[in-house]
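What follows is one structure encoded as structure tokens, with my remarks underneath.
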Amino acid sequence: MTASTPFQPAADPAFAAQKSAQAAAAAPGASPVIELRDLHKAYGPLEVIKGVSLSAPRGHVVTLIGSSGSGKSTLLRCCNLLESSQAGTILFEGEPVRWTGPARERRPADRDQLRRIRTNLAMVFQQFNLWAHLTILQNVMEAPVTVLRQNPAQVEARARMLLAKVGIGDKADAWPAQLSGGQQQRAAIARALCMEPRALLFDEPTSALDPELQQEVVRVIKDLANEHRTMILVTHDMRLAADVSDHVVFLHKGRIEEEGPPEQIFRTPRTDRLRQFISATMPS
Ligand SMILES: Nc1ncnc2c1ncn2[C@@H]1O[C@H](COP(=O)(O)OP(=O)(O)OP(=O)(O)O)[C@@H](O)[C@H]1O
Ligand SMILES: [Mg+2]
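Taking my numbering, the leading residue of the sequence shown gets 2, the next gets one more, and so forth.
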């Protein structure tokens with residue numbers, strides 16, 4: 002393996018320049034929305050997260066990359082407590098998650114805190130997960146009305162605005178099955194945004210889509226990055242990772258093998274494992 006540049010990520014140089022100008026303008030040491038310290042997670046005897054620390058500062062995009070099975074989805078799900086973890090600290094806006102139960106069988110102790118964290122870290126999944134029996138508008142309105150108990154008329158106005166923002170304002174009354182994959186994923190992003198969360202967690206949001214539909218979703222994610230939304234993004238799309246990230250974390254077998262700004266990760270990777278990974282995932 003040579004140390005030569007394995008990947009030129011500048012798929013969208015204008016966007017990358019804009020993004021790095023924003024990063025420079027962002028307050029250094031912006032406070033983290035979510036922070037993990039020395040997190041450990043096992044499924045029975047299988048330890049899949051082996052002491053990971055990471056931080057998603059407000060207004061930043063942190064991207065997790067790594068091979069299949071390296072623990073990316075698990076780590077993302079630990080952030081919003083969809084998965085339990087056995088050891089380590091999780092902080093939401095500086096507030097440590099409080100735990101109860103015996104060591105290594107801990108669970109969140111405070112239901113209000115759990116609810117606050119879940120509703121403020123909205124997740125977008127690979128498979129969209131829209132409710133098939135609800136229209137697109139109803140899908141977007143559902144959680145703010147039923148979980149947050151917000152005023153339906155106000156939620157509807159916000160939902161329509163968000164559907165227009167992601168380019169599917171004309172699909173409000175359609176059923177999910179009547180939309181393309183790219184449109185469904187944009188509806189799922191509008192649904193996440195309608196919660197007005199503190200951060201968005203994306204788990205491979207473009208992986209289930211045909212290449213031309215991926216670009217519709219990539220465009221929306223870039224717009225959100227431009228708006229300084231706090232995001233943690235899991236993706237196999239290295240161009241997207243290179244374009245939108247402030248910080249890239251390369252996971253290998255449940256540990257952080259290497260991390261840094263996208264220019265370093267993609268242009269001057271330091272470890273053989275990362276060099277190999279980037280070569281293997283480089284678009285042809
Ligand atoms: N519910 C589960 N029960 C047992 N093992 C699991 C479970 N979910 C994930 N694992 C294991 O945990 C490890 C990490 O899985 P994870 O889904 O986090 O990987 P990933 O990096 O997201 O992979 P991919 O890129 O394929 O989505 C794998 O070894 C996987 O088999
Ligand atoms: Mg995964």
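Just so it is clear, CB atoms sit at the ideal spot from N, CA and C, and this is done for glycine as well. A quick note: this is a predicted structure, and the numbers were derived from the prediction, not measured.
**Request:** Please list the segments of the beta strand (DSSP E) lying wholly inside the segment 73-128, counting only runs of 3 or more residues, in order along the chain.
**Result:** As far as the segment 73-128 is concerned, its whole beta strand (DSSP E) runs of at least 3 residues are 88-93, 122-125.
**Asked** Since VAL34 contacts ARG199 with CB under 8 Å, what's their CB separation in whole angstroms?
**Response** Translated into the one-based positions of the sequence shown, residue 34 becomes position 33. Translated into the one-based positions of the sequence shown, residue 199 becomes position 198. Right, the Cβ-Cβ distance comes to about 5 Å (below 8 Å), so this counts as a contact.
**Message:** Please classify MET162 as buried or exposed, where buried requires at least 16 other C-beta atoms within 10 Å of its C-beta.
**Reply:** Taking the sequence shown and counting its residues from 1, the one referred to as residue 162 is at position 161. Counting the other Cβ atoms within 10 Å of the Cβ of MET162 gives fewer than 16, which makes it exposed.
**Message:** Less than 7 Å between C-beta atoms, sequence neighbours within five positions excluded: which residues of the same chain meet that for ARG159?
**Reply:** Within the sequence shown, residue 159 is the residue found at index 158, counting from 1. Excluding sequence neighbours, ARG159 sits near CYS195.
**Request:** Please name the residue, chosen from LEU149, GLY72, GLY102, VAL250, that lies closest to GLN265 on a Cα-to-Cα basis.
**Result:** Taking the sequence shown and counting its residues from 1, the one referred to as residue 265 is at position 264. Among LEU149, GLY72, GLY102, VAL250, the Cα nearest to that of GLN265 belongs to VAL250.
**Request:** Taking only the alpha-carbon atoms, compute the straight-line gap between GLN114 and ARG108 and give it to the nearest angstrom.
**Result:** In the sequence shown, residue 114 corresponds to position 113, counting from 1. In the sequence shown, residue 108 corresponds to position 107, counting from 1. Going by the C-alpha atoms only, they are around 12 Å apart.
**Message:** Whether or not the segment 212-228 and the segment 77-95 are in contact is what I'm after, with contact meaning three or more pairs of Cβ atoms, one per stretch, closer than 8 Å; do they touch?
**Reply:** Note that the segment 77-95 does not touch the segment 212-228; fewer than 3 beta-carbon pairs, one per stretch, sit closer than 8 Å.
**Request:** Classify THR207 as helix, strand or coil using the three-state DSSP reduction.
**Result:** By one-based count along the sequence shown, residue 207 stands at place 206. DSSP places THR207 in coil when its eight states are reduced to three.
**Message:** Under 7 Å: does the beta carbon of VAL235 sit that close to some heavy atom of ligand 2?
**Reply:** In the sequence shown, counting from the first residue as 1, residue 235 sits at position 234. Yes; taking the cut-off as 7 Å, the Cβ of VAL235 has a heavy atom of ligand 2 nearer than that.
**Message:** According to DSSP, simplified to helix, strand and coil, what is GLU157?
**Reply:** By 1-based counting over the sequence shown, the position of residue 157 is 156. DSSP places GLU157 in helix when its eight states are reduced to three.
**Prompt:** Is it buried or exposed for LEU149, if we count other Cβ within 10 angstroms and need 16 for buried?
**Reply:** To locate residue 149, count along the sequence shown from 1; it is residue 148. Counting C-beta atoms within 10 angstroms of its own C-beta, LEU149 has fewer than 16 neighbours from the protein chains shown and is therefore classed as exposed.
**Which of helix, strand or coil DSSP assigns to ALA193** = As a working note, residue 193 is residue 192 in the sequence shown. DSSP places ALA193 in helix when its eight states are reduced to three.
**Asked** Of the residues TRP132, VAL245, ILE279, which one's Cα is nearest the Cα of GLN179?
**Response** For the purposes of this step, residue 179 is taken as residue 178 along the sequence shown, with counting starting at 1. Residue TRP132 is the option with its Cα nearest to GLN179.
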